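So for the sequence shown, our numbering puts the first residue at 1; every next one is plus one.
Ideal Cβ positions, reconstructed from N, Cα and C, are used throughout, including at glycine.
Since this is a predicted model, take the numbers as computed values, not measurements.
I have placed the structure first, in the form of structure tokens, so that the comments after it can refer back to it.
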Amino acid sequence: MLAYINARLRVTGHLFQGRFGSVAMDESHLMAAFRYVAMNPVKAELVASAVEWLWSSTPAHFKGEDDGLFLIQTKNSKEVSSEA
């Protein structure tokens, strides 16, 4: 498959350039990362609002309810489920 993509695009090399990396984040850094990801479609002028981008969990998070693809679990719902 990669050979086909490279031939079609007339490029060479790997599809992904490196290994996945991860780092521990404090809560404020995590929220900044969420905002960054949610706002990318807006900054790219693909949508006017992050809620309009259907290929993310942002609409479900803003509504605060499951949307059939994403299950929204709040802190309170975690406490309730752990008590059951």
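Per-residue DSSP class, three states only, for Glu27: helix
Quick check on the burial criterion: 16 or more other C-beta atoms within 10 angstroms. Buried or exposed for Ala84? Because the pLDDT of Ala84 is 47, which lies under 50, any placement of that residue in the model is unreliable, and the number read from its coordinates should be weighed accordingly. Counting Cβ neighbours within 10 Å, Ala84 comes out exposed, since fewer than 16 surround it.
Buried or exposed (CB count within 10 angstroms, at least 16 for buried), Ala50 | With 16 or more other Cβ atoms within 10 Å, it is buried.
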